[in-house]
Amino acid sequence: MSFTNEKDNVEISSNINYRNKKHYKTAKYPIRQPKFFTWLIWVLSKMMLRNKEKKIEKINMEGLKPPYMLLGNHMAFVDFEMLSLATYPQRMNNVVNIDGFYRRPWLLEWIGSIATRKYSQDLHLIKSIKKVLNRGDVLTMYPEARYSPIGTTGVFPDSLANLIKKNKVPVVVACHHGHHLFSPVWDHKKKRKVPFYTTLTQVLTAEQIEEMSVDKINEIIRKALEYDDYKYQKDNGILIKEPYRAEGLHKVLYQCPNCMTEFKMSSKGSEIFCEECGKRWTWREDGYLEALEGKTEFDHIPDWYEWERSQVRKEIEEGKYAFDDEVDLYGQPHCWKYRSIGKGRLTHNLEEGFVITGEHRGQKFRKQWTPLETIAIYVEYDLERVKKADSIALSTSNDTIYCFPNQQPAVSKLCLAAEEMYKINYEKTKKYKNKKITDK
Ligand SMILES: [Zn+2]
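Set out below in structure tokens:
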């Protein structure tokens, strides 16, 4: 199959030729959460969390009644359960990604969830949010839009502050701690025993929002959503004793800081190691990382991840970064099934961003996401319901495409590269806009 000169070929479509042309319609208003479901979710959450050590602290929340916007950090499914305990008996409408609707869209619709597709342009979402707040309920959003890969704050757009400014209702930030360590996204099936601590803080009143600039709102939200689960562990002297605690960690710590080789890292038990140079590190029960021999490059796990980010950034800036690989493609136009689209090609570079090309049922397609359209990307480590391998997902307003690269461990690097490319382009646009203003 040739993918050359595709832009000149009129027969290439930006849509995939699915047999079933129906797409799940996200552009619809959520129902008001029935009181019965608010209660039921609370009961189920209590049951799920019954044996867990947990603490919820409310700050500046006295007398606060809905409507308000609730912004939470996102690390694991347990985030939803903790928020149900924290907000009961108030009705909540959650903004949920379409994959949460998999095989049960009716259920998610009944409990008043608002479906969206991660990182896509969704104008109806803004209308749905307004509707929920006008009805006097709690609107819950997870601005990072995916589980944190390394237990620290992820990226989210500045436009969140515009949304807050527009709605003029108080903003509460829920900051969870311990959920990433309990169920890290790269090994979420095996749980670790970790106490949970959640703070609910009213960070902005309606009056403050009225007076404040968008930049100031942004600053306050970003500050309130700062977290680091590994620091939480150390500061509170939490010991994680599960012998398998490091298993899966190599999926995010993919580059060896000793020999610099990428994608040759592996993990077993409480150790992570490089198959190229043989260096090993143990993840101690107290949360520190320690080299078995020689220098410990990073004793704080998120520092290793941020170092990888700086390596990727350097590659991009020096013009050396480019990804090109064959991928297995699956689409999720609706909630019932992941549709196999067959083999295709995924490329990623600073000029074009992400491009997926392929052919399905006799129709060639090409889909593109520019760097400014991918502030972050969604990663699934072992999306078992489709294929036991790692993938990235790219969304448009009516479809989500899962790409499983042949070069398997590459997905975390693709994430970091997308985030850095967004930043580079965003800074450029901002400078350009500012220049235009000063020139006038
Ligand atoms: Zn190495």
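So that you can map any letter, position 323 of the sequence shown is 323 in this note's numbering, and since no number is skipped, the others follow by simple counting.
We put the beta carbon where it would ideally sit given N, CA and C, even for glycine.
Computed from a prediction, not measured in an experiment: that's the story for all the values here.
Which of the three DSSP states is assigned to residue i in this structure?
i: residue 300; result: coil
i: residue 391; result: strand
i: residue 176; result: strand
i: residue 92; result: strand
i: residue 65; result: coil
i: residue 404; result: strand
i: residue 325; result: strand
i: residue 199; result: strand
i: residue 347; result: strand
i: residue 192; result: coil
i: residue 340; result: strand
i: residue 410; result: helix
i: residue 181; result: helix
i: residue 13; result: strand
i: residue 429; result: helix
i: residue 318; result: coil
i: residue 37; result: helix
i: residue 53; result: coil
i: residue 46; result: helix
i: residue 28; result: coil
i: residue 22; result: coil
i: residue 155; result: coil
i: residue 366; result: strand
i: residue 291; result: strand
i: residue 204; result: strand
I need the straight-line Cα distance from residue i to residue j, nearest angstrom please.
i: residue 108; j: residue 114; result: 8 angstroms
i: residue 317; j: residue 156; result: 22 angstroms
i: residue 241; j: residue 309; result: 29 angstroms
i: residue 343; j: residue 389; result: 15 angstroms
i: residue 61; j: residue 198; result: 14 angstroms
i: residue 249; j: residue 266; result: 8 angstroms
i: residue 19; j: residue 69; result: 40 angstroms
i: residue 105; j: residue 335; result: 7 angstroms
i: residue 364; j: residue 16; result: 8 angstroms
i: residue 88; j: residue 313; result: 44 angstroms
i: residue 148; j: residue 74; result: 6 angstroms
i: residue 1; j: residue 396; result: With a pLDDT of only 36 at residue 1, under 50, the local geometry of the prediction cannot be trusted, and no value is derived from it.
i: residue 23; j: residue 234; result: 47 angstroms
i: residue 229; j: residue 432; result: 37 angstroms
i: residue 135; j: residue 92; result: 11 angstroms
i: residue 258; j: residue 264; result: 12 angstroms
i: residue 110; j: residue 416; result: 36 angstroms
i: residue 384; j: residue 243; result: 24 angstroms
i: residue 7; j: residue 421; result: Caution applies to residue 7, whose pLDDT of 49 falls short of 50 and renders its modelled position unreliable; the value that the coordinates give is listed next. Cα-Cα distance, rounded: 23 angstroms.
i: residue 282; j: residue 193; result: 18 angstroms
i: residue 386; j: residue 206; result: 44 angstroms
i: residue 112; j: residue 375; result: 27 angstroms
i: residue 160; j: residue 97; result: 17 angstroms
Whose C-alpha, out of the options, is nearest the C-alpha of residue i?
i: residue 57; options: 74, 83, 33; result: 83
i: residue 330; options: 139, 315, 316, 399; result: 399
i: residue 224; options: 350, 122, 290, 175; result: 175
i: residue 377; options: 365, 364, 394; result: 394
i: residue 213; options: 193, 162, 60; result: 162
i: residue 293; options: 301, 280, 42, 80; result: 280
i: residue 302; options: 226, 250, 152, 366; result: 152
i: residue 26; options: 123, 74, 372; result: 123
i: residue 443; options: 429, 291, 245; result: The shown model of the chain, from 1 to 440, leaves out residue 443, and the question about it has no answer.
i: residue 43; options: 85, 216, 415, 334; result: 85
i: residue 307; options: 110, 150, 140; result: 150
i: residue 379; options: 410, 356, 65, 232; result: 410
i: residue 127; options: 370, 33, 166; result: 166
i: residue 237; options: 207, 227, 178, 327; result: 178
i: residue 357; options: 208, 366, 412, 200; result: 366
i: residue 164; options: 217, 132, 125, 137; result: 217
i: residue 170; options: 210, 436, 195, 270; result: 210
i: residue 232; options: 34, 219, 361, 196; result: 196
i: residue 182; options: 247, 341, 271, 201; result: 247
i: residue 66; options: 373, 375, 239, 172; result: 172
i: residue 200; options: 189, 252, 140, 168; result: 140
Would you call residue i buried or exposed, if buried means 16 or more other Cβ atoms sit within 10 Å of its Cβ?
i: residue 29; result: exposed
i: residue 77; result: exposed
i: residue 94; result: buried
i: residue 428; result: exposed
i: residue 296; result: exposed
i: residue 47; result: exposed
i: residue 322; result: exposed
i: residue 9; result: Summary for residue 9: the model assigns pLDDT 49, below 50, so the residue's position carries little reliability; its value from the coordinates is reported in the next sentence. Exposed is the call here.
i: residue 219; result: exposed
i: residue 59; result: exposed
Complete runs of the beta strand (DSSP E) confined to the stretch 261-288 [at least 3 residues]: 265-268, 271-274, 280-283
Segments assigned alpha helix (DSSP H), at least 4 residues, entirely inside the stretch 207-272: 214-224, 229-235
Unbroken stretches of the beta strand (DSSP E), 3 residues or longer, contained in the stretch 67-148: 68-72, 92-97, 114-116, 138-141
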